[in-house]
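Protein chains in written order, with my numbering: chain A, 1 to 137; chain B, 1 to 137; chain C, 1 to 137; chain D, 1 to 137. Heads up, the beta-carbon is just placed ideally off N, CA and C, and yes, glycines get one too.
Protein chains: 4
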Amino acid sequence: MDELFEFGQRMLREQPFSVLLGTQLALFKPGEVVLTLAIRHALKQQHGFVHGGVLSYLADNALTYAGGSVLGDSVTSEYKINYVRPALGHKLVARASVLSSGKRQAVCQCEIVAIGEDGERLVAVAQGTVRKAETEA
Amino acid sequence: MDELFEFGQRMLREQPFSVLLGTQLALFKPGEVVLTLAIRHALKQQHGFVHGGVLSYLADNALTYAGGSVLGDSVTSEYKINYVRPALGHKLVARASVLSSGKRQAVCQCEIVAIGEDGERLVAVAQGTVRKAETEA
Amino acid sequence: MDELFEFGQRMLREQPFSVLLGTQLALFKPGEVVLTLAIRHALKQQHGFVHGGVLSYLADNALTYAGGSVLGDSVTSEYKINYVRPALGHKLVARASVLSSGKRQAVCQCEIVAIGEDGERLVAVAQGTVRKAETEA
Amino acid sequence: MDELFEFGQRMLREQPFSVLLGTQLALFKPGEVVLTLAIRHALKQQHGFVHGGVLSYLADNALTYAGGSVLGDSVTSEYKINYVRPALGHKLVARASVLSSGKRQAVCQCEIVAIGEDGERLVAVAQGTVRKAETEA
């Protein structure tokens, strides 16, 4: 297991909210990350789909990881998400990557797919800015 | 307790994810909603602040409620959030309102403040589109 | 005419694109700006409404001015816009304000109304981040 | 020249604002569009770069075209743009594509590059929602 991946896993364990939800790190290399999350009842809304807030959390976290892979310890400054389809199935997979980066900030994109019996389906796409954690606004 | 408020509380109880987080409905009237969430350890990230994903969830839900107050049962199609300050304190309050609405969609805004010993401080602002639940994209 | 307003007018005259479109500065004080633009045929799209790109330009510029009023010479890093109604009439008015600011960045909001025979109507709302011009990303 | 491309060119000629700026259609097929724009003095801001409003206009228009390629006559409902680098050179190229589409709406992404002496450089990325023109909100 390489250093970056180990750092990524430690951060995830140190985020109580990620522990509460059960997020897993599947891939973490410079400019790229894959996070996964098992879908369970507690993550749903009133229509039986995954709550949009869970997709947002996952997009936010994946964007932070993608930016952090090139900037070091980072936070998401802002992002935008489009939900494109209700999320059903047994697992969410968020794939984020860096589109452009400077010394302090990176612009990243993320797509989230839901994996069910009939394969994977795109459920949300996001785009946002990640900033080095020590940088004040 | 009026009908709209009762409908709003029922929806919240029927969202397992909102129950997991502990969201409360404080105000719900046509065009306006206030949701609150007690800050606890499980909602934080690695630096001791509320996880951005929690703020996103709360913004998403408040936007949906605001839109839903004029459209009926609704979902958030898309939104954008800017985190403006780390969230500390004991309670989050999300206030959302409708800026413009048609038959099927409403554009809404939301601000989230964190309440601590020194009063309330703005921590995030969001803007997005809410769509009637039965409307297919 | 105060110094800030004069600075704002000079910047507008030094932006060839703003000169091409005909943008006017109506108010400029710390944390707040109002820009106006006369609607004419050349600014429209195929259905006879003001082109969304004109509304976007005006929102972008108003956000930059709002941020610049507290940060000094600035650029818009990112923003999001919702078009809420087709823009008709004889004048656009964009009002932007600062929601939160630090040393290098400000988060700002903007609303654009179109003024016609029956008064003003909201046509677009925007939210985004403005950054001091000398700050590298 | 195929029908879709011809339709796209006609729309561009019927948009007075696109004629004013000088936008060209380079590619138009289902789910994909490429628009180009020659950089000239009139499109710049006070620091000599292309005005952000021009990039926004181009992103907005490319998103509409991408969505329109699968939905028919369309308008952009909302989008978000991140400027990642000052735009210099002699030509802008905006490439947009459809990420997901239903009967009434499509979610699209767009990247804009500036072409100069040293090749092409990414200057902005955008993501948004396009809606069939006859659909009321």
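Beta carbon of residue i nearer than 8 Å to that of residue j
i       : j       : result
A114(C) : V123(C) : yes
R18(A)  : L27(A)  : It is worth fixing the name first, because residue 18(A) is Ser in this sequence and not Arg. The answer is no: Cβ separation not under 8 Å.
L20(A)  : L43(A)  : no
A87(C)  : V50(C)  : yes
N61(D)  : T129(A) : no
V75(C)  : A133(C) : yes
G48(D)  : H90(D)  : no
G8(B)   : L25(B)  : yes
Q127(B) : E14(A)  : no
K80(C)  : K80(D)  : yes
Secondary structure of residue i, DSSP reduced to three states
i      : result
V84(B) : coil
Distance between beta carbons of residue j and residue i, contact taken as under 8 Å
i      : j       : result
S77(A) : R131(A) : 5 Å
V84(B) : L99(C)  : 7 Å
S56(D) : Y57(C)  : 6 Å
L37(D) : T23(D)  : 5 Å
Proximity test, residue i beta-carbon vs the ligand NAP heavy atom, cut-off 7 Å
i      : result
T76(C) : No copy of the ligand NAP appears in this structure; indeed no ligand is present at all.
Closer than 8 Å to chain E by CB, residue i
i      : result
S77(B) : Within the model displayed, chain E is absent; protein chains A, B, C and D are what it includes.
Can you give, in chain order, each stretch of the beta strand (DSSP E) that sits fully within the segment 1–55 of chain A and has at least 3 residues? Within the segment 1–55 of chain A, the complete beta strand (DSSP E) runs of at least 3 residues are 24–29, 32–38.
Every unbroken alpha helix (DSSP H) inside the segment 86–130 of chain C [4 residues or more]: The qualifying runs do not exist here; there are none.
Taking 8 Å as the cut-off, does the segment 95–102 of chain A touch the segment 25–36 of chain A (at least 3 CB pairs, one atom from each stretch)? Taking 8 Å as the limit for Cβ pairs, the verdict is that the segment 95–102 of chain A does touch the segment 25–36 of chain A.
Say whether the segment 102–121 of chain B touches the segment 51–67 of chain B, bearing in mind that this needs 3 or more beta-carbon pairs closer than 8 Å, one atom from each stretch. At 8 Å Cβ cutoff, the stretches touch.
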